[in-house]
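Chains U and Y are the protein sequences, given in the same order.
Heads up, the first sequence is in this note's numbering, so the first residue is 142 and it goes up one at a time.
Heads up, the second sequence is in this note's numbering, so the first residue is -6 and it goes up one at a time.
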Amino acid sequence: DAGITQSPRHKVTETGTPVTLRCHQTENHRYMYWYRQDPGHGLRLIHYSYGVKDTDKGEVSDGYSVSRSKTEDFLLTLESATSSQTSVYFCAISRPSYNEQFFGPGTRLTVL
Amino acid sequence: GIQVEQSPPDLILQEGANSTLRCNFSDSVNNLQWFHQNPWGQLINLFYIPSGTKQNGRLSATTVATERYSLLYISSSQTTDSGVYFCAVPYSNSGYALNFGKGTSLLVTP
């Protein structure tokens, strides 16, 4: 257990509404990541952070923004949710020394 | 970026059988991880193995970095081994984010 929690764990929303997912870690790790998982695609990187207020885009960043104002929290925002953003979202952290990643429990998001 | 391919995509075993899952990657890597995603969706770390061999109980993994592949061995499989097994390597060797293969879906039957 790497001390990672995600909230909410499940959410159903409607097209066009804003949605924010939260990732919280308790171990003060510098690197945090957001991935999405869809059938047939494995996990794909959305955004990542390498420190407070330091973020960068990943492979599938369109339609998503992130913020990190504290080391322990990494927020993923869908400004205007679309049905194509229905997915399971995972947050991860990297432990230092050798970059082993650990994942949170995931958030299942359904956009109707 | 560094590409990852896993095989086979699907595997059905009877309890007690052994299996080998393969992960091929397109460039040299400084990180390779194997994960198990259980039927409840949880991602469980199995091995961090950029090179060499490691064992953990009935599971072991070998990465041959010079030939760009890794193997995950499951011996004496149990129904609790069911789920999806993912291999992941960095998108690039200058970064830390992981690029995942599409996984091997394993079903172990009683």
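Heads up, the beta-carbon is just placed ideally off N, CA and C, and yes, glycines get one too.
What residues in its chain sit with their C-beta under 8 Å from that of residue i, if we drop five residues either side in the sequence?
| i | result |
| --- | --- |
| residue 86 (chain Y) | -5, 20, 21, 22, 23 |
| residue 202 (chain U) | 187, 188 |
If you drop the 5 nearest sequence neighbours on each side, which residues of the same chain put their C-beta closer than 6 Å to that of residue i?
| i | result |
| --- | --- |
| residue 26 (chain Y) | 41, 81 |
| residue 159 (chain U) | 220 |
| residue 152 (chain U) | 250 |
Listing by chain order, which chain Y residues have their CB less than 7 Å from the CB of residue i?
| i | result |
| --- | --- |
| residue 240 (chain U) | 24, 89 |
| residue 162 (chain U) | Going along chain Y, no residue has its Cβ under 7 Å from residue 162 (chain U), so there is no contact; the nearest lies around 15 Å. |
| residue 217 (chain U) | Under the 7 Å cutoff, chain Y gives no residues; its nearest Cβ is about 14 Å from residue 217 (chain U). |
Beta-carbon separation of residue i and residue j under 8 Å?
| i | j | result |
| --- | --- | --- |
| residue 59 (chain Y) | residue 45 (chain Y) | no |
| residue 189 (chain U) | residue 179 (chain U) | no |
| residue -1 (chain Y) | residue 95 (chain Y) | yes |
| residue 6 (chain Y) | residue 91 (chain Y) | no |
| residue 248 (chain U) | residue 186 (chain U) | no |
| residue 108 (chain Y) | residue 17 (chain Y) | Given a span of -6 to 103 for chain Y in the structure shown, any question on residue 108 (chain Y) remains unanswerable. |
| residue 156 (chain U) | residue 229 (chain U) | no |
| residue 218 (chain U) | residue 210 (chain U) | no |
Run through chain U and tell me which residues come within less than 7 Å of residue i, C-beta to C-beta.
| i | result |
| --- | --- |
| residue 18 (chain Y) | Simply none; closest approach about 13 Å. |
| residue 36 (chain Y) | 231, 244 |
Kindly list the residues whose CB is nearer than 7 Å to the CB of residue i, restricted to its own chain and excluding five residues on each side of it in sequence; keep chain order.
| i | result |
| --- | --- |
| residue 192 (chain U) | 171 |
| residue 93 (chain Y) | -3, 79, 81 |
| residue 101 (chain Y) | 6, 8, 70, 71, 72, 74, 75 |
| residue 10 (chain Y) | 70 |
List, in chain order, every chain U residue whose beta-carbon is nearer than 9 Å to that of residue i.
| i | result |
| --- | --- |
| residue 94 (chain Y) | 183 |
Exposed or buried, residue i, counting other C-beta atoms within 10 Å across all chains shown (16 or more means buried)?
| i | result |
| --- | --- |
| residue 48 (chain Y) | exposed |
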